[in-house]
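Residues -11 to 262 in our numbering are what the sequence shown lists, from first letter to last.
Note sheet for the following structure.
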Amino acid sequence: MAGNAAPQLANEVEATGFQCRGASASYGGASGAPIFEGVDFDVHPGEFVSLLGGSGVGKTTLLRVLGGLHPAGKGSQVRFAGRPVTGPPDRVVMVFQNYAASLLPWRTVESNVRLGLERKVDKAEQHRRAGRALEMVGLAKNAHYYPRQLSGGMQQRVQIARALVMNPDALLMDEPFGALDAITKATLQDALLEIQRQTSMTVVFVTHDLDEAIYLSDRIIVLSGSPAGVARNLRVDLPRDRDQVSTKAEPRYLELRQEIYNVMHSSSGKAAGS
Ligand SMILES: Nc1ncnc2c1ncn2[C@@H]1O[C@H](COP(=O)(O)OP(=O)(O)OP(=O)(O)O)[C@@H](O)[C@H]1O
Ligand SMILES: [Mg+2]
-11 MAGNAAPQLA
-1 NEVEATGFQC
9 RGASASYGGA
19 SGAPIFEGVD
29 FDVHPGEFVS
39 LLGGSGVGKT
49 TLLRVLGGLH
59 PAGKGSQVRF
69 AGRPVTGPPD
79 RVVMVFQNYA
89 ASLLPWRTVE
99 SNVRLGLERK
109 VDKAEQHRRA
119 GRALEMVGLA
129 KNAHYYPRQL
139 SGGMQQRVQI
149 ARALVMNPDA
159 LLMDEPFGAL
169 DAITKATLQD
179 ALLEIQRQTS
189 MTVVFVTHDL
199 DEAIYLSDRI
209 IVLSGSPAGV
219 ARNLRVDLPR
229 DRDQVSTKAE
239 PRYLELRQEI
249 YNVMHSSSGK
259 AAGS
């Protein structure tokens, strides 16, 4: 698998990447049945990696383990920037699916976005960074709106702006576009790709949508089985300047789609991937 051998790769992972070796997790303490086990993969700095799998397979749990919000099981090695994850690492920010519940209704968009900067940087810097984050998600003109005045897609943009304002090294996203209509989803996918191009952030993106995973990612990790394992670790060797129509019509896109579809729908699950 990519990332285990070359020494320079080890240094890269030290920078802003994740490393998972033999990772497991359960609920209900050590006696709980594992949700996943033996999970090995690397996410290199600046890479966009999707965790793909069916409902209940353990994607959110794995993302929470990467983000230090859920403990990994005994013997697991989970690292960010070369250091073991024992709690939420600095410079790693999570974006959850349930955007509606997490905006403060009495604060404007701009004021919601700079929330995480309060008491960290001075007011002028808060406004500057919030303005820039809102520009990146295309909401500069809506800075003074209140959450109730926003559509679902706009609220999700605010969530992303809230994450970007922290200048994270890595973004962990849990089905962030799951509840959106197809057009809004496509627009936000493209906005996210552009933001990642500009910032070179590492992104780990959870989805059960095969097309979304291929369109966005440099690499896809397919989880399946119970307990789950890595059924496939696959590089998406499509050119980076992606387009909602032409990319999805490329023969290589269709090949990847078929291959991943087969992995997701085969019951045997845990074959080693490349
Ligand atoms: N707080 C919890 N307590 C006990 N079991 C849990 C808890 N959260 C999740 N689980 C169980 O862990 C397993 C994996 O859940 P997880 O939420 O990680 O799946 P998922 O792949 O994200 O699913 P979905 O696509 O539906 O979001 C499921 O069987 C679920 O029932
Ligand atoms: Mg989930």
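Backbone N, C-alpha and C fix where the C-beta goes; we use that ideal spot for every residue, glycine too.
Checklist entry - Among the residues of its own chain, which have a CB less than 6 Å from the CB of S262, if the five just before and after it don't count? => result Low local confidence applies: a pLDDT of 41 at S262 is under 50, so the model's placement there is unreliable, and no value is given.
Next on the checklist: On the CB-based measure, 16 or more other CB atoms within 10 Å of its CB, does L92 come out buried or exposed?
Outcome noted: exposed
Item to check | Touching by the beta-carbon criterion (3+ pairs, under 8 Å), the stretch 188 to 201 and the stretch 111 to 122 | outcome: no
Next on the checklist: According to DSSP, R207 sits in a beta bridge with which residue or residues?
Outcome noted: V37 and R223
Checklist entry - Listed in chain order, which residues are found with a beta carbon closer than 7 Å to a heavy atom of ligand 2? => result Qualifying residues, in the order they occur: K47, T48, D162, E163 and V194.
Checklist entry - Per DSSP, what kind of secondary structure is P22 in: helix, strand or coil? => result strand
Checklist entry - Can you tell me whether Q(-4) is buried or exposed, with buried defined as 16 or more other CB within 10 angstroms of its CB? => result Any answer about Q(-4) is weak, because its pLDDT of 48 lies below 50 and its placement is not dependable; what the coordinates show is given next. Exposed, by the Cβ-count rule.
Checklist entry - Pick from L54, A89, G217 and E247: whose alpha carbon is nearest that of R146? => result According to the sequence as given, residue 146 is Val; it is not Arg. Closest option to V146, Cα to Cα, is A89.
Item to check | CA-to-CA distance, G16 to Q232, given in whole angstroms | outcome: 42 Å
Item to check | Same chain only: Cβ atoms within 6 Å of A131, ignoring 5 sequence neighbours per side | outcome: V97, E98 and L122
Checklist entry - Since M252 and V210 are thought to touch, with beta carbons under 8 Å apart, how far apart are those beta carbons, to the nearest angstrom? => result 6 Å
Item to check | C-beta contact flag for S12 and F24 at 9 Å | outcome: Result yes, Cβ atoms of S12 and F24 sit closer than 9 Å.
Checklist entry - Where DSSP assigns a beta bridge to Q65, which residues make up the other side? => result R9
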